[in-house]
Each structure stands twice: as structure tokens, then as C-alpha cells.
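Chains A and B, in that order, are what the protein sequence lines are.
Sequential numbering from 1 applies to the first sequence in the numbering used here.
Sequential numbering from 1001 applies to the second sequence in the numbering used here.
Report on the following structure.
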Amino acid sequence: MIALTGIPTLETERLVLRPPASRDVDACITFYASERARFVGGPSAEHDAWVIMSRILGHWAMRGFGLWALTLKGDDTIRGVFGHWKPGTRPENEIGWSLWDPTLEGKGYAHEAALACRTHAYDVLGWKTAVSYIAYENDRSVALAKRLGAWEDPDAPRIEGKEHYVFRHPGPEALA
Amino acid sequence: MTVLETERMVLRPPQAEDFEFLRPFAMSDRARFVGGGADKDEGHAWRILAILAGHWSLRGYGVFAMVERESGATLGSIGPWFPAGWPEQELSWTVWSTDAEGKGFAFEAVSRVRTHVFDDLGWPTAVSYIDPENARSIALAERLGAVLDADAPRPDEADLVYRHRRAA
């Protein structure tokens, strides 16, 4: 295996953010086959979903940080991916999320997970700022970004070729 | 981490340092047979490398970066490839560097990795899916002794399937 043994695990009150693994592939394929994936590049066929999962793991290998598998404490099933994302030439470091399991909506899980990721970004990765790129019409993610205290940043560089908001998170000093 | 050696190369899993070598290839038409092209951007090139690296995590094996001992340059990627939707386990190769063409690097690397997939990974057989217009890869497959398998399923109907046999 490629050196991914260094991926940490984060715990919150109700959640465990653990390294993604091959056992998560089927859930990834199911999510990316669904309309729920429309804001994150889907819906996609099986091969493409597998490639996305591969890219998520490859991001860890390339950057040393990445997206975790979101699980509930006591249940290893992947429910989504949350974490840190900076593929290719993206202009800035991102706090990214994608909640795959619709039954978890409306219970504050995504908020709890994203907060833990942001804390990790500032305290462990040493980020000074962070954004979240959110597709237009992805109302749930916009609401979550606002609940996290992030605001739309009209001056931030955008991802070329994509239509999206840039939400900027309060920095480490503002949260201290 | 699996590392293989040949006379002129070290073969190791892809790493972030390979990007500077992959980028110009992936963004050129030399990459048109493997998902790249002159119309692709740097982000696309990065995603290709991430996918190569991530395949190792999902399968426990994957392609190797061909690192030339003398220069330290990554010349290409080569090795076992089996993403979802692939009919069979593939022995794949891609030479990134034009400088490396015509010098037997790909032949040297594939020969070593083919032994690896048969002897270490225990594959009973292996195929290479090749675009019919990819004359260089076809020539390499034939030099390696692989034979066309007209009946084998393929990811893209237009692909040729070359089958490698384990040495007796």
C-alpha cells in the first residue's frame, strides 16, 4: 500500500472521521449514482465514482491532508466525506464536505463534522484562512457555511470554468 | 511500499514529486490515448496523478513511476491497473517523456513489472488495452510477446486487447 498510514482520525461528540478505504467504494458508487451528487460533479457512472474515490485517496498521498470518511460513533459505515481539499491548481485551501446519507440531514452532523475539520485546519495544518467552494443552488451547503460563520467573499479567486460561491471562513484569530 | 528495480530505473508508487514530469505530458496530445490532451488544464493533470496514487490505496497495487537512476527524472507510469468497470486486470504503461522514447525504457520496465504481476501478485493472466491508433504501444505489446485477443471484453469497443502469458 502507498504510505497512507499517517492519516489521523478525528473524533467529535457523535462522529468519527476516519481514513477513507476500499470498503467505502460501494457507498461512493451509490452516492454518485444519485441526484444528491449533482453539486459535486455527479451523477456519475460506476467507473467514474470509483475514480473519484481513488482521487480522494490520492489527494492524501499527494498533499498529506484530504477528505475523511464521516462515520457515526459505533458504526463504521461511511456517510459522507469531510475535510481538506486542494487539488491541482485550486486557488486556495478548502474546507470541503459532501453528506452522502440523507437520513443524517437536519441533525447538525454536518456542522459538527465541518467544525472539527476547520479546527484541525487551523490547529494542526496551520492554515491561516480557508474557503468553501459551493455550487449555486446548493442551498443546504450555503446554509451550513453561514452557520459556520463563513461569508460570501466576492473578491476571492474562483475556480476556472465552474459556477460557484466562495465562502470564506473566519480565521484562527477570529475564532480564538 | 513496493519498489522494483531494473538496470536503468527504480520503479516506485507515484508521488507528488512526479507532477512536474506528468504535467507537460498530460497537457499534450501525446496523452490523447490515456485521458489527457492539449485541451486539458493543469488541474486535470493533477487529478490524473491523484488517481494513479489512489488506485494503490483502493487495490493494494497500482502503477509505478519509472524513475531513471541517472537523471532522477520520472519517465512514465507503468503497471497493474484495475479500476471499477475494467473487464480484467490490466498491465498498463504510459511513457511521459519524449526523450525516453526509442531507448527501450518502456520495454525494460514492462518486462520487470510483468514478472511482478505474475510472480508477486499472482495474476493468472494480464491484458493491455490499447487504442488502435497508438502505434508505439502496439509495437511494444508485440515486442513483449503479447498476442491479440479478439474475443476478450474491453472497456472501450474500439480498444485492442493484447494478452500477456506467464512464461512457462
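Glycine residues also receive a C-beta, built at the ideal position from the N, C-alpha and C atoms.
Distance from the CA atom of L1052(B) to the CA atom of E112(A), rounded to whole angstroms, is 32 Å. Within the same chain, and ignoring the five residues on either side of R55(A) in sequence, the residues whose Cβ sits closer than 8 Å to its Cβ are P87. With its beta carbon less than 9 Å from one in chain B, H59(A) belongs to the interface. For G6(A), there are no C-beta contacts with chain B under 8 Å, since the nearest C-beta of that chain is about 12 Å from it. In chain order, R1047, A1050, I1051, G1054 make up the part of chain B whose C-beta sits under 7 Å from the C-beta of R55(A).
Taking C-beta atoms under 8 Å as the contact rule, C117(A) and G83(A) qualify, at a distance of about 5 Å.
Taking the beta carbon of W50(A) as reference, the chain B residues within 8 Å of it are L1058, P1083, A1084, G1085, listed in sequence order.
Judged by DSSP secondary structure, M53(A) falls within the alpha helix (DSSP H) whose first and last residues are 46-63.
The Cβ of H164(A) sits no closer than 9 Å to any Cβ of chain B. Chain-order list of chain A residues neighbouring E1042(B): G88, T89, by C-beta distance under 8 Å. For a Cβ distance threshold of 9 Å, residue set S1057, L1058, R1059, G1060 of chain B lies close to S22(A), ordered along the chain. Comparing alpha-carbon positions, the option among S1111(B), H1055(B), D1149(B) lying closest to Y1129(B) turns out to be D1149(B). In this structure, M1001(B) keeps its C-beta atom at 9 Å or more from the C-beta atom of V1067(B).
By the rule that beta-carbons nearer than 9 Å mark a contact, A1167(B) does not touch chain A. Proximity of the region 153-163 of chain A to the region 1028-1036 of chain B falls short of the contact definition, fewer than three beta-carbon pairs being nearer than 8 Å.
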